[in-house]
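**Q**
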Amino acid sequence: MKIDQVLTLIHVVEAGSISAASTVLNKSQPAISMTIKRLEETVGITLFNRNGYRLELTEKGQIYYQKCKLIVDQINQLNSYSDSLKRGEEHEVVISIEDSANVDPLLSSLKEVQSSFPNTQFKLHSETQLKSFQRLNKEEVQLAFTPWLPTFAAEGDFESKHVSNLEISFCIHRSLLAQVNVTDANDIDQSVLSKLPQVVPSDFAIDLNKDVLMKPIGRSLLKVNGYQTCVAAIHAQLGWGPIIKNMWSKALTEDFVSFQIEKDSTPICAEIRVVKNRKTILGPAANKIWSMF
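Per full-length UniProt numbering: the sequence shown ends with 293, consecutive numbering throughout.
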């Protein structure tokens, strides 16, 4: 069996007749008929019923045709992949995403990049406690979507772009407040919070002023190593703790109260940024994602 025979079979089936296929292939009808006959001799089955006016695939011929289509599609994909490698496109782009980062902007941009680079596969790794910076330093990922403070620049030779704003506040379930006879959010202060359990992030992968989010005020501490676990713990009424407002606004129902520890303080503001290692040269697909922010 030769690839030319397989392609001829496919063209005859899709064109509907040998006559139509001869026009598409720019070959004579006898040549096409001979190619099909030799293919049938090679595989040992009759591919077409020749009793009627039109050629129709036999039952086995239909199955054989479908398998030929799969093979040709795979060959076309392989040729396309080879061409993409010649153009310098990446085989794979690995992106690290902190679980406290809103992934919607990334996913929106990734859809367009997938269309432009169909031969590049993408890996999205969820990270916690700012481990994305470690992966960037080790060059295990090309890009990271992560919360960002100016002090993070000292953790490596990074270049970053703004993606969205990040506003951190605190949240508590009303039933916990009821345990200390508090019903009004305006009455929440450190003396109230000190009587209740507190949910705090455990150690981060990089240096960070932990008192901002981890100042031990509560009666007891529940340490968690990821934002999603923190949210789940607050939902489960295991304590009060930090929340990211723009990620959890829909969940702030009438059962929860948002507050600041200090009465006159404002929410903690940071950014979500896309970050890359400055010394890493991005390939076309990764660079397209980078350029979209």
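Where a beta carbon is used, it is the ideal one built from N, C-alpha and C, also for glycine.
(1) Any idea which residues DSSP pairs Ala31 with across the strands?
(2) Do Lys123 and Ile168 come within 8 angstroms of each other at the CB atom, strictly closer than that value?
(3) Just list the residues that DSSP pairs Pro242 with in beta bridges.
(4) If contact is defined by three or more beta carbon pairs under 8 angstroms, each pair taking one atom from either stretch, is the region 8 to 16 in contact with the region 29 to 48?
(5) May I ask you to list the residues that DSSP assigns as paired with Pro201?
(6) Near Ala285, what residues of its chain come up, given a Cβ to Cβ distance below 7 angstroms and the 5 sequence neighbours on each side ignored?
(7) Restricting to runs no shorter than 3 residues, where is the beta strand (DSSP E) found entirely within the region 111 to 176?
(8) Anyone know if the C-beta pair for Ser202 and Asn225 falls short of 8 angstroms?
(9) Could you give the distance in angstroms between the alpha-carbon of Ile32 and the alpha-carbon of Arg50?
(10) Helix, strand or coil: how does DSSP classify Val192 here?
(11) Can you give me the Cβ contacts of Asn186 inside the same chain, cut-off strictly under 8 angstroms, excluding the 5 residues immediately before and after it?
(12) Could you check the C-alpha separation between Gln190 and Ser132 for me, to the nearest Å?
(13) Given that a residue counts as buried once 16 or more other Cβ atoms are within 10 Å of its Cβ, and exposed if not, what is Pro242?
(14) Taking C-beta to C-beta, are Lys138 and Phe293 nearer than 8 angstroms?
(15) Would you mind stating whether residue 295 and Leu47 have Cβ atoms separated by less than 8 angstroms?
(16) Considering Glu271, what are the terminal residues of the beta strand (DSSP E) in which it resides?
(17) Taking Cβ positions, are Val257 and Cys171 nearer each other than 8 angstroms?
**A** Quick answer:
(1) DSSP, once it has assigned bridges, lists no residue as partnering Ala31.
(2) Against a cut-off of 8 angstroms, the Cβ pair of Lys123 and Ile168 comes out as no contact.
(3) Per DSSP, the beta bridge partners of Pro242 are Phe170.
(4) With the cut-off at 8 angstroms, the region 29 to 48 and the region 8 to 16 touch.
(5) Note: Pro201 sits in a beta bridge opposite Val224.
(6) These residues qualify, in order along the chain: Glu89, Glu90, Val93, Val113, Phe117 and Thr120.
(7) With a minimum length of 3 residues, the continuous beta strand (DSSP E) runs that stay inside the region 111 to 176 are 121 to 127, 143 to 148 and 158 to 173.
(8) At the C-beta level, Ser202 and Asn225 come within 8 angstroms of one another.
(9) Roughly 15 angstroms separates the two Cα atoms.
(10) In the three-state scheme derived from DSSP, where H, G and I count as helix and E and B as strand, Val192 is classed as helix.
(11) Cβ neighbours of Asn186 beyond the five flanking positions: none.
(12) The alpha-carbon separation between Gln190 and Ser132 amounts to approximately 33 angstroms.
(13) Around the C-beta of Pro242, 16 or more other C-beta atoms lie within 10 Å, and the residue is accordingly described as buried.
(14) For Lys138 and Phe293, no; Cβs fall outside 8 angstroms.
(15) Any property of residue 295 remains undetermined from this structure, which presents the chain solely from 1 to 293.
(16) The continuous beta strand (DSSP E) containing Glu271 extends over residues Ile268 to Asn277.
(17) Contact: yes.
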